[in-house]
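Colleague: In terms of my numbering, the sequence shown is numbered consecutively and its last residue is 651. Can you read through this structure? Questions will come right after.
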Amino acid sequence: MEIKQSKTVSPDEDRLRAKYQEEKNKRLRPDGEGQYLEATGAFEDFVKDPYVAEPEQRGAVWEEVDVAIIGCGFGGLLTAAYLRKAGIDSFRMFDQAGDFGGTWYWNRYPGVRCDIEAMIYLPLIEEVGTVPKERYASGGEIYAHCQAMGRHFDLYKQALFQTKVTGLGWDENLARWIVRTDRGDTVRARFVTVSQGPLSKMKLPGIPGIESFKGKMFHSSRWDYDYTGGSATGGLTKLGDKRVGLIGTGATGVQIVPVVSDYAKELFVFQRTPSALDVRNNEPIDPAWFGGLPEGWQEERMENFLAILSSVPQDRDMVSDQWTDFWKRLVVLMAQHKLSAGDEHPQHIMQIVDDEKMNELRARIDDEVEDPKTAEALKPWYNYLCKRPLFSDRYLKSFNKPNVHLVDTAGKGVEAITERGIVANGEEFELDCIIFATGFDVGAAAYRVGGYDVIGRGGLSMDEKWSTDLRTVHGTQLNGFPNFHIVGGFAQGTTAFNFMHPLSIQAEHAVALIAKCLDRNIAAMEVTPEAEDRWLALMEENHNMALQRYFEECTPGFLNNEGDTESKPSFLGGNFGGGTIEYRRIIRHWRENELEKDTAVTYAETEA
Ligand code: NDP
């Protein structure tokens with residue numbers, strides 16, 4: 044690979060930094076994270092489940108189990124699968140949705156697809172026997188895999204769907220968690236795992252007048268196919284006479300535009316910040332090739348991807364896509380510099396690769412978009428990782444269609460919503476329908492996502508504990524909350540572009556600890572305040588200042604608290620900064636070697 048070397052900051056780089064700063068300033072808003080609305084109260088209809096015809100009728104469940112699993116997306120599914128494999132069969136699963144799937148149950152919008160290769164994204168694929176049709180699977184295929192996991196591990200009989208947990212409290216005398224639901228269920232559980240997902244709490248934009256629109260409005264995670272017609276793969280024929288407005292050009296918006304633009308009479312795309320779009324190159328998977336892969340291939344492939352994205356040099360790149368391309372460039376350049384002068388700062392090297400990538404992506408827009416003014420408006424001016432990098436071979440070209448109109452708001456966003464439509468740049472656009480692809484409260488604390496508080500030992504509320512001082516061990520356990528495990532928690536935990544890594548690490552951890560407690564007749568295991576201190580110290584030691592600075596300079600978004608990195612750490616700054624591989628090593632080592640020191644346990648009484 045040919046990579047330019049540079050040792051000094053060129054005037055071009057200076058100009059680019061100034062441009063990035065200028066664009067960031069346009070997008071900064073004084074209301075920061077407060078600009079979004081929760082879908083509650085007057086907006087409650089936005090979260091109604093459009094995918095179940097009739098609510099399921101059932102009686103209330105009263106029972107005692109070993110484990111209550113809250114959330115039936117991949118976090119809950121992995122936990123349940125690992126419990127089953129460990130021979131722990133007494134568990135109950137809860138979810139508001141009508142089936143397994145989590146984010147893939149809710150997000151059925153046209154064009155929905157995962158940007159991580161299916162072979163490394165779909166967990167336990169070898170065991171479940173799913174054969175992905177394409178490298179990057181559609182949402183429907185991923186949802187089907189979730190259902191297949193449910194069948195393979197025989198989980199349906201233990202799942203309570205269309206059921207919202209309303210209360211979770213630790214009963215000290217019983218040493219049980221009491222789970223209550225909106226269906227009148229009361230389940231007593233020795234252990235609780237919570238996997239409510241980062242993409243479950245939708246965000247609506249707090250645009251003045253949002254409640255006054257007389258046409259149709261919905262959020263992308265509750266697509267109304269009754270209104271649009273068709274399905275996630277197309278056929279949205281009912282939009283043929285409709286003027287549609289789309290707010291949001293992030294990961295979701297860029298997948299929606301190509302499909303909706305095939306059907307809508309007119310599509311107005313309201314853009315606040317353009318996304319950085321790389322090529323997708325999706326392709327079918329040959330079932331014969333797939334069937335011939337040696338046992339254990341998935342773990343090897345997942346590890347290879349994780350290592351490359353952690354800048355650990357590998358002999359080969361098994362996935363070899365746009366994700367790995369960026370990190371391979373980085374590793375090559377770093378190696379070159381070490382060999383030569385060694386006087387470059389790593390951030391500068393990162394910046395060289397970043398600028399190169401972003402210049403390529405901006406040039407691609409000129410190649411794909413016919414109208415030069417539209418092409419210019421679609422160009423992203425920020426560093427590559429400031430937003431989740433996106434991939435599409437159809438999004439940019441959609442703007443060449445005569446019925447598609449980009450309404451660029453130069454970082455300002457939509458001004459108002461009226462009875463008739465949307466006001467942007469001082470102009471009113473009359474619309475029949477507004478679609479909000481405005482994302483989710485990704486950084487919401489685990490307890491907030493469910494909309495109920497968690498009451499731990501001595502009546503300690505997690506809301507209180509969390510709001511004053513965030514203290515955890517590994518981002519998964521908390522003092523005051525015995526036998527309670529977060530699976531898929533970011534805060535003080537870890538994250539990765541392939542979310543299956545953190546999920547499987549934390550699910551494995553929770554199940555291993557539960558199994559230990561059951562084996563040793565431990566009634567309650569609780570991390571100590573000293574263990575929290577030690578984890579906080581390790582977090583501090585591993586705090587990635589470079590990452591923190593990187594996001595401080597980024598265009599506002601959920602990764603940097605909408606540009607406010609003063610009042611709390613950025614989304615990634617609040618993670619363990621040593622990376623996912625190191626996080627996994629630490630957590631496994633802790634389980635084997637530090638558990639006794641870091642936890643207080645009480646033993647269950649045994650019958651004489
Ligand atoms: P995002 O938060 O990424 O995007 C929200 C969009 O809404 C942004 O373009 C934002 O603009 C825009 N917006 C918000 N308020 C306004 C306003 N008032 N006026 C105009 N525009 C506004 O949400 P997504 O649903 O796109 O994605 C969320 C996450 O879901 C992703 O980061 C990704 O992790 C995940 N996802 C993953 C996929 C995958 O393939 N793995 C596919 C889809 C989603 P601005 O950028 O200026 O804030």
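Heads up, the beta-carbon is just placed ideally off N, CA and C, and yes, glycines get one too.
#1: Within 10 angstroms of its Cβ, does Arg-219 collect 16 or more other Cβ (buried), or is it exposed?
#2: Check whether the Cβ of Ile-290 sits closer than 6 Å to any heavy atom of ligand 1, and report yes or no.
#3: How close, in whole Å, do the beta carbons of Asp-138 and Cys-115 come, if the pair is a contact with beta carbons under 8 Å?
#4: Over what stretch of residues does the beta strand (DSSP E) that includes Val-110 continue unbroken?
#5: Output yes if chain B places a C-beta closer than 7 Å to the C-beta of Gly-288; else output no.
#6: What residues in its chain sit with their C-beta under 6 Å from that of Glu-170, if we drop five residues either side in the sequence?
#7: Which partner residues of Trp-220 appear in the DSSP bridge assignment?
#8: For Arg-135, write down the residues that DSSP places opposite it in a beta bridge.
#9: Looking only at its chain, what residues have a beta carbon closer than 8 Å to the beta carbon of Asp-329, apart from the 5 residues adjacent to it on each side?
#10: When the Cβ atoms of the stretch 526-534 are set against those of the stretch 578-591, are three or more pairs found closer than 8 Å?
#11: With distances taken between CB atoms, is the gap from Cys-429 to Cys-189 smaller than 7 Å?
#12: Which same chain residues end up closer than 6 Å to Val-485 when comparing Cβ atoms and leaving out the 5 residues on each side of it in sequence?
#13: Terminal residues of the continuous beta strand (DSSP E) containing His-448?
#14: I'd like to know if the stretch 629-643 and the stretch 550-559 are in contact, where contact means that at least 3 CB-CB pairs between them fall below 8 Å.
#15: Can you tell me whether Pro-166 is buried or exposed? The criterion is at least 16 other CB atoms within 10 Å of its CB, across all chains shown.
#16: Rounded to whole angstroms, what is the Cα-Cα separation between Lys-50 and Arg-72?
#17: What separation, rounded to the nearest whole angstrom, lies between the Cα atoms of His-195 and Thr-511?
#18: Count the other C-beta atoms from every protein chain shown that fall within 10 angstroms of the C-beta of Gln-535, then say buried if there are 16 or more, exposed otherwise.
#19: For the structure I just gave you, are there three or more beta carbon pairs, one from the stretch 409-419 and one from the stretch 436-448, closer than 8 Å?
#20: Indicate the three-state DSSP secondary structure (helix, strand or coil) for Ser-53 in the structure shown.
#21: From the DSSP output, which residues share a beta bridge with Ser-504?
#22: Using the rule of at least 16 other Cβ atoms within 10 Å of the residue's Cβ for burial, across every protein chain shown, is Leu-120 buried or exposed?
#23: Work out the CA separation of Phe-542 and Thr-295 for me, nearest whole Å.
#24: Buried or exposed: which applies to Glu-342, given that a residue is buried once 16 or more other Cβ atoms fall within 10 Å of its Cβ?
#25: Specify the secondary structure class of His-586 as computed by DSSP and reduced to three states.
#26: Whole angstroms is fine: what's the gap from Ala-191's alpha carbon to Leu-638's?
#27: Compute the Euclidean distance between the alpha carbons of Ala-124 and Asp-360, then round it to the nearest angstrom.
#28: Is any non-hydrogen atom of ligand 1 found closer than 6 Å to the C-beta of Phe-89, if you look at the structure I gave you?
#29: Around the C-beta of Lys-285, are 16 or more other C-beta atoms found within 10 angstroms, so that it is buried, or is it exposed?
#30: Which residue from Ile-465, Leu-349, Asp-214 and Gly-482 puts its Cα closest to that of Thr-538?
#31: Just checking my contact of Leu-421 with Phe-311 at CB under 8 Å: how many whole Å lie between their CB atoms?
#32: Following a CB-centred definition, is Ser-617 positioned closer than 6 Å to any heavy atom of ligand 1?
Modeller: Reading it off the structure:
#1: The count along the sequence shown starts at 1 and reaches residue 219 at position 176. By the Cβ-count criterion, Arg-219 is buried, with 16 or more other Cβ atoms from all chains shown falling within 10 Å of its own Cβ.
#2: On the sequence shown, position 247 is the one that residue 290 refers to. Flag set: Cβ of Ile-290 near ligand 1.
#3: Taking the first residue of the sequence shown as 1, we reach residue 138 at position 95. Taking the first residue of the sequence shown as 1, we reach residue 115 at position 72. A Cβ-Cβ separation of about 4 Å places Asp-138 in contact with Cys-115 under the 8 Å criterion.
#4: Residue 110 sits at position 67 when you count from the first residue of the sequence shown. Unbroken beta strand (DSSP E) run through Val-110: 105-113.
#5: Judged by its chain identifiers, the structure shown contains no chain B, having just a single protein chain.
#6: Position 127 of the sequence shown holds residue 170. None.
#7: For the purposes of this step, residue 220 is taken as residue 177 along the sequence shown, with counting starting at 1. Partner(s): Trp-213 and Ala-232.
#8: Looking up residue 135 in the sequence shown gives position 92. According to DSSP, which records beta bridges pairwise, Arg-135 is partnered with Ala-111.
#9: Indexing the sequence shown from 1 puts residue 329 at position 286. Within its own chain, no residue has a Cβ closer than 8 Å to the Cβ of Asp-329 once the five positions on either side in sequence are excluded.
#10: Short answer: they don't touch.
#11: For the purposes of this step, residue 429 is identified with residue 386 of the sequence shown, where counting begins at 1. For the purposes of this step, residue 189 is identified with residue 146 of the sequence shown, where counting begins at 1. For Cys-429 and Cys-189, no; Cβs fall outside 7 Å.
#12: The count along the sequence shown starts at 1 and reaches residue 485 at position 442. Once the five neighbours on either side are set aside, the close Cβ partners of Val-485 are Pro-241 and Phe-601.
#13: By one-based count along the sequence shown, residue 448 stands at place 405. Run containing His-448: 447-451, per the beta strand (DSSP E) assignment.
#14: The stretch 629-643 is in contact with the stretch 550-559.
#15: Here residue 166 refers to the residue found at position 123 of the sequence shown. With 16 or more neighbouring CB atoms inside 10 Å of its own CB, Pro-166 falls in the buried class.
#16: In the sequence shown, residue 50 corresponds to position 7, counting from 1. In the sequence shown, residue 72 corresponds to position 29, counting from 1. With a pLDDT of 46 at Lys-50, under the threshold of 50, the predicted position of this residue should be treated as unreliable, though the coordinate-derived value follows. Distance between the alpha carbons of Lys-50 and Arg-72: 36 Å.
#17: Looking up residue 195 in the sequence shown gives position 152. Looking up residue 511 in the sequence shown gives position 468. Their backbone Cα atoms lie some 43 Å apart in a straight line.
#18: Position 492 of the sequence shown, counted from the first residue, corresponds to residue 535. The residue in question, Gln-535, is buried, as its Cβ has 16 or more Cβ neighbours within 10 Å.
#19: Between the stretch 409-419 and the stretch 436-448, the count of Cβ pairs shorter than 8 Å is three or higher; the stretches touch.
#20: For the purposes of this step, residue 53 is identified with residue 10 of the sequence shown, where counting begins at 1. DSSP places Ser-53 in coil when its eight states are reduced to three.
#21: Within the sequence shown, numbered from 1, the residue matching residue 504 stands at position 461. Answer is Ile-498, bridged to Ser-504.
#22: The residue given as residue 120 occupies position 77 in the sequence shown. By the neighbour-count rule (16 or more Cβ atoms within 10 Å), Leu-120 is buried.
#23: If you number the sequence shown from 1, residue 295 lands on position 252. If you number the sequence shown from 1, residue 542 lands on position 499. Taking the Cα positions, Thr-295 is about 17 Å away from Phe-542.
#24: On the sequence shown, position 299 is the one that residue 342 refers to. When all chains shown are included, Glu-342 counts as exposed.
#25: On the sequence shown, residue 586 is found 543 positions in, with the first residue counted as 1. It is coil, neither helix nor strand.
#26: Here residue 191 refers to the residue found at position 148 when the sequence shown is read from its first residue. Here residue 638 refers to the residue found at position 595 when the sequence shown is read from its first residue. Ala-191 and Leu-638 have their C-alpha atoms spaced approximately 35 Å apart.
#27: Here residue 124 is taken as the residue at index 81 of the sequence shown, counted from 1. Here residue 360 is taken as the residue at index 317 of the sequence shown, counted from 1. The C-alpha of Ala-124 lies about 29 Å from the C-alpha of Asp-360.
#28: For the purposes of this step, residue 89 is taken as the residue at position 46 of the sequence shown. Phe-89: no, Cβ never under 6 Å from ligand 1.
#29: By 1-based counting over the sequence shown, the position of residue 285 is 242. Buried.
#30: The residue you call residue 538 lines up with position 495 of the sequence shown. Among Ile-465, Leu-349, Asp-214 and Gly-482, the Cα nearest to that of Thr-538 belongs to Leu-349.
#31: Taking the sequence shown and counting its residues from 1, one reaches residue 421 at position 378. Taking the sequence shown and counting its residues from 1, one reaches residue 311 at position 268. The Cβ separation is near 15 Å, so there is no contact.
#32: Within the sequence shown, residue 617 is the residue found at index 574, counting from 1. As written in the sequence, residue 617 is Gly, which differs from the Ser given in the question. No, since every heavy atom of ligand 1 falls outside the 6 Å radius drawn around the Cβ of Gly-617.
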